[in-house]
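In my numbering, the protein residues as written are 8 to 256.
Virtual Cβ for every residue (Gly too), placed ideally from N, Cα, C.
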Ligand code: AMP
């Protein structure tokens, strides 16, 4: 069974982003970019399924600018067998990515597609669900455990107050929760090996997908600055302030 894994190049999670002065978005020039953390988990899970003999080939896919090739090299250093870069400078929204992935799914016919539950740049949490809808495929979002039992995919999901276990027929879509696994470190020999692995480059037009944005961002603003706290002399003063100033008691 082939597994197709979507990996997005995003601003590194350690970077504190700044809003552009014209309010059109955040400034990503000269900031460190990395693989979306949930997508590292997605690749790691595919590699583990391959090590268990469930998956036979892992294809990593990234959509975006030419530098997404670096993200794909990392995915192949973790263990993906080959990769596909859908190269475009367009501003890609989740629906466009879902359509691109759908076109690749139709071509590659994977038994399993694994995505991150959300990209840490747009925090959309939409792409996996949209892909499932486009293909009319079963999906388990926010999976914290994945197993193949009697030819079905069993996924554990955390829900309020406990866990839920779903059984899905294949082909299916999984989106990864933080607790699914801890991705392995990328070793130097594997980085060297990844350089020789196959990377195909296609354009959205080659896949017949119109990636034009459907949603317009009106404005991006910094969160309000928190005002400084104060120290009160004693409990009586605190109670007085809660009662008469904050009016919460
Ligand atoms: P989102 O819906 O934007 O929060 O993204 C959810 C997941 O969809 C990510 O964790 C990735 O697995 C996948 N994804 C989103 N955008 C891209 C992209 N440009 N290239 C590859 N995968 C993507």
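Residue 183, enclosing alpha helix (DSSP H) - first and last residue: No alpha helix (DSSP H) holds residue 183; the beta strand (DSSP E) holding it covers 179-183.
Mark residue 194 as exposed unless 16 or more other C-beta atoms lie within 10 angstroms of its C-beta, in which case mark it buried. exposed
For residue 104, three-class secondary structure by DSSP: helix
Kindly indicate which three-state DSSP category residue 155 falls into: helix, strand or coil? strand
Determine, using beta carbons only, whether residue 206 and residue 111 come nearer to each other than 7 Å. no
Just to confirm, are residue 50 and residue 82 a CB contact at a threshold of 7 Å? Result yes, Cβ atoms of residue 50 and residue 82 sit closer than 7 Å.
Find the nearest neighbour of residue 170 within the set 189, 148, 191, 180, judged by alpha-carbon distance. 148
Could you pull the DSSP bridge partners for residue 160 from this structure? 155, 175
Do you know whose CA, among 215, 146, 160, 151, lies nearest residue 103's CA? 215
Taking Cβ to Cβ, would you say residue 65 is nearer than 7 Å to residue 188? no
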